[in-house]
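Per numbering that gives the first Met the number 0: the sequence shown = residues 0 to 642. The C-beta atom is built at its ideal place from N, Cα and C for all residues, glycine as well.
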Amino acid sequence: MKFHSMRFSLLAAAVFGAITLSSIAMAQSETGDTPAPVDQPYAGMLTVNVDLSDAGKRVFRSHETIPVKSGALTLFYPKWIPGEHAPSGPVENVSGLIIRANGKQLPWRRDLRDMFTLHLDVPEGVSQLDLEFEFLSPGDGEGSNFGASASATPDLVDMEFNQVAFYPAGYYTRQIQIQPTVELPEGWKFGSALQVDSQSGNTTHFKPVSFNNFVDSPLIAGANFNRVDLTPSGGTSVHLNVVGDSAKAVKLTDKQLQQQRDVVKQTNLLFGAHHYDHYDFLLTLSDHTGHFGLEHHQSSDDRLPADFFTDDDMHLWAASLMPHEFVHSWNGKFRRPADLWTPNFNVPMQDDLLWVYEGLTDYWCGVLTARAGLWTPDQYRDSIANIAADMTYRTGRAWRSLQDTADAAPLTYYGSDSWLNWVRDTDFYPEGQLLWLDVDTKIRELSGGKHSLDDFAHAFYGMDNGSYVTKTYTFDDVVNTLNQVQPFDWKTFLRERLDYTGGELPEHGIERGGWKLVFTDTQGQAEKAYEGIRHVANLSYSIGLIVNQNGRIADVQWNGPAFQAGLVPGLSIVAVNGRDFSLDSLKDAIDAAKTSQAPIELLVKNVDVYSTVKIHYHGGSRYPHLVRGDGKDVIGAIVAPRK
0 MKFHSMRFSL LAAAVFGAIT LSSIAMAQSE TGDTPAPVDQ PYAGMLTVNV DLSDAGKRVF
60 RSHETIPVKS GALTLFYPKW IPGEHAPSGP VENVSGLIIR ANGKQLPWRR DLRDMFTLHL
120 DVPEGVSQLD LEFEFLSPGD GEGSNFGASA SATPDLVDME FNQVAFYPAG YYTRQIQIQP
180 TVELPEGWKF GSALQVDSQS GNTTHFKPVS FNNFVDSPLI AGANFNRVDL TPSGGTSVHL
240 NVVGDSAKAV KLTDKQLQQQ RDVVKQTNLL FGAHHYDHYD FLLTLSDHTG HFGLEHHQSS
300 DDRLPADFFT DDDMHLWAAS LMPHEFVHSW NGKFRRPADL WTPNFNVPMQ DDLLWVYEGL
360 TDYWCGVLTA RAGLWTPDQY RDSIANIAAD MTYRTGRAWR SLQDTADAAP LTYYGSDSWL
420 NWVRDTDFYP EGQLLWLDVD TKIRELSGGK HSLDDFAHAF YGMDNGSYVT KTYTFDDVVN
480 TLNQVQPFDW KTFLRERLDY TGGELPEHGI ERGGWKLVFT DTQGQAEKAY EGIRHVANLS
540 YSIGLIVNQN GRIADVQWNG PAFQAGLVPG LSIVAVNGRD FSLDSLKDAI DAAKTSQAPI
600 ELLVKNVDVY STVKIHYHGG SRYPHLVRGD GKDVIGAIVA PRK
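Here's what the structure looks like:
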């Protein structure tokens with residue numbers, strides 16, 4: 000996270016002016032005397048009015064009221080946002096904070112040990128505080144995390160409510176009630192899981208909710224808006240809300256609409272119960288916002304490029320995002336690791352079970368993407384082949400276990416993109432898929448095909464139909480439920496894979512599933528689509544690097560051929576064998592070297608220094624594929640649609 004100390008100093012001077020801090024507020028700041036949360040109702044209801052009239056200018060104006068009593072008060076800005084797995088609340092984007100009581104401006108001071116905490120003294124006779132501030136939403140390339148990535152354009156806005164509200168310390172956030180109001184630009188329509196209380200012109204008043212559900216219910220809005228019903232045959236309603244850069248971008252074909260409806264159908268069949276009153280996919284299609292997904296209990300914040308529905312390659316590449324976030328309603332929101340449940344948004348979370356929370360979700364999202372017809376079985380296998388190849392070549396497994404990639408998530412989520420194969424960042428997603436494929440195929444093997452991970456889904460998530468009260472779990476709960484489905488030493492099975500360090504991929508679900516990983520000189524459809532969209536070449540399995548169309552090296556395989564030649568991330572390739580660099584020229588050189596003894600010669604630039612390096616590699620192009628191995632096609636059975 001990037002802090003702008005000079006700008007903050009100027010802002011602080013402007014806000015404080017000649018205000019004198021009270022002795023109580025100063026004492027609290029110095030001692031860190033912050034009340035612990037208690038599970039009892041907060042007296043009175045908070046309100047927040049968010050004016051998005053200037054959303055196109057990336058300014059969100061917030062006016063919040065907080066019922067209070069006289070005396071010392073601590074306010075929190077949400078810090079640990081569920082689903083982000085790191086202390087990523089974008090407090091640095093808050094500006095112009097003025098707190099008033101009975102019309103008079105009050106002094107406040109930031110805690111010296113926690114920048115998300117404010118201390119102040121409420122005078123006698125004051126029953127309500129009025130807060131006014133702006134959230135300055137970043138533009139393209141400015142944000143460093145999900146909570147502060149580009150979220151607004153002249154035509155649309157994505158708003159997470161944790162961005163625009165403070166809350167009183169000392170209470171469970173489920174015990175604090177708040178009523179939101181949002182003002183939108185003229186003619187804009189919106190989607191949110193929040194329930195509307197009343198509307199007048201461009202202003203919408205939502206029904207009161209707990210502060211928990213308030214933060215858990217983002218809003219999207221825009222001039223180009225489309226809302227479609229994904230459960231037209233009845234049952235608990237699920238809708239897809241789309242905003243985009245153009246009217247064309249937000250329209251689905253009939254086939255695409257049916258595929259999204261089948262995602263809902265297949266997911267509910269998988270779990271055997273649902274955990275929402277209603278569900279809203281909130282899909283933003285823009286080339287001017289961040290691109291990611293963030294789960295919520297009754298909605299998901301899904302952000303993809305503008306051509307998701309209009310370009311076949313983009314649709315193939317990004318098809319699994321919404322299934323992933325939808326699965327989180329069950330796995331991550333309804334059932335949540337005990338260390339990831341906290342009484343409020345400022346108690347630190349612990350990420351040790353992210354290989355379940357995210358890894359298992361990622362496994363099921365791929366399976367459901369295939370079961371719903373968004374991918375063919377061949378395309379699913381291509382996805383698994385690419386993951387298996389990437390994880391097979393994960394040189395960092397020599398020192399960092401899969402478990403540590405989860406434990407260290409607050410460090411790695413927003414870390415550098417360089418040396419990913421060596422440092423291993425969020426590998427609990429891709430290797431998590433392989434881990435749970437290993438579990439699924441092992442259950443099927445041990446039970447003679449009578450049981451599968453689908454049975455685990457029913458047993459672990461299929462209770463309390465309709466409830467969205469979180470039920471926590473531990474590692475032992477996961478193991479015990481696996482044993483109920485199929486008796487086995489699952490604790491050892493999981494720990495051997497989670498704690499392993501070494502040179503081999505410890506998961507074997509592909510082979511047990513009747514397939515094997517091979518490398519050929521022919522590129523698969525999914526990899527070709529990815530490279531075309533991102534304008535990169537993934538040459539990790541040949542010369543050992545990833546490079547973009549401008550020649551910039553994004554990653555280098557530790558101890559691989561390119562590394563041995565002296566290449567590192569951040570350098571730029573200027574020429575290949577004496578000719579101007581292009582992705583095609585580099586690929587051609589790799590192929591030509593297969594029948595030559597001469598090294599591949601590159602002219603590279605390091606800042607303003609040029610040098611020539613020689614890569615001694617003669618193995619030709621290498622791209623991953625799955626081919627049939629021994630036994631039954633178990634993977635084919637896994638991705639077959641459920642009836």
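| Query | Result |
| --- | --- |
| Residue from Asn576, Tyr171, Asp215 and Leu367 with nearest C-alpha to Arg260 | Leu367 |
| Helix, strand or coil at Asn211 according to DSSP, with G and I counted as helix | helix |
| Spatial neighbours of His277 in its chain, beta-carbon cut-off 8 Å, leaving aside the 5 residues before and after | Ala192, Thr235, Ser236, Val237, His238 and Gln297 |
| Cα-Cα separation, His323 to Leu373 | 13 Å |
| Beta-carbon gap between Tyr616 and Ser539 smaller than 8 Å | no |
| Of the listed residues Asn558, Arg578 and Ala54, nearest to Gly543 (C-alpha basis) | Asn558 |
| Burial state of Ser328 (16 or more Cβ within 10 Å) | buried |
| Rounded straight-line distance, which links the Cα of Arg396 to that of Val638 | 29 Å |
| Distance between Ser610 and Gly88 (C-alpha atoms, nearest Å) | 43 Å |
| Whole beta strand (DSSP E) elements within the stretch 417-476, 3-residue minimum | 470-472 |
| Buried or exposed by the 16-neighbour rule on C-beta atoms within 10 Å, applied to Val262 | buried |
| Inter-residue spacing [alpha-carbon to alpha-carbon] between Pro77 and Phe344 | 5 Å |
| CB of Ala222 within 8 Å of CB of Asp154, strictly | yes |
| Three-state secondary structure (DSSP) of Pro89 | coil |
| Host alpha helix (DSSP H) of Thr360 (start-end) | Gly358 to Arg370 |
| Rounded distance between the beta-carbons of Arg393 and Asn420, thought under 8 Å | 6 Å |
| Spatial distance of Arg621 from Phe115 (CA atoms) | 49 Å |
| Where the beta strand (DSSP E) through Pro179 begins and ends | Gln176 to Glu182 |
| Backbone CA spacing between Gln39 and Asn479 [nearest angstrom] | 33 Å |
| Own chain partners of Pro640 with C-beta closer than 6 Å, once the 5 adjacent residues on each side are dropped | Arg370 |
| DSSP-derived helix/strand/coil call for Ala220 | strand |
| Counterpart residues of Asn558 in DSSP-defined beta bridges | None, per the DSSP bridge assignment. |
| Residue interval of the alpha helix (DSSP H) (run including Val262) | Asp253 to Phe270 |
| Segment limits, beta strand (DSSP E) that includes Gln127 | Gln127 to Leu135 |
| The stretch 175-195 / the stretch 203-213 touching (three or more Cβ pairs under 8 Å) | yes |
| Residues that Pro106 bridges to, as DSSP identifies them | Its beta-bridge partners do not exist; DSSP assigns none. |
| Inter-residue spacing [alpha-carbon to alpha-carbon] between Val121 and Phe210 | 22 Å |
| Contained beta strand (DSSP E) runs [length at least 3] in the stretch 493-552, N- to C-terminal order | 514-519, 535-538 and 544-547 |
| Presumed contact (8 Å Cβ cut-off) between His450 and Val517, rounded CB distance | The Cβ separation is near 30 Å, so there is no contact. |
| Ala54 versus Pro184: straight-line alpha-carbon distance, rounded | 8 Å |
| Inter-residue CB distance, Phe160 and Pro217 (contact presumed, cutoff 8 Å) | 7 Å |
| Beta-carbon gap between Pro137 and Ser148 smaller than 8 Å | yes |
| Anticipated Cβ contact below 8 Å, Gly508 with Asp439, distance rounded | 7 Å |
| Boundaries of the alpha helix (DSSP H) in which Leu410 is found, first to last residue | Ala408 to Thr411 |
| Backbone secondary structure at Ser94 - three-state DSSP | strand |
| Distance, Tyr529 Cα to Met390 Cα | 17 Å |
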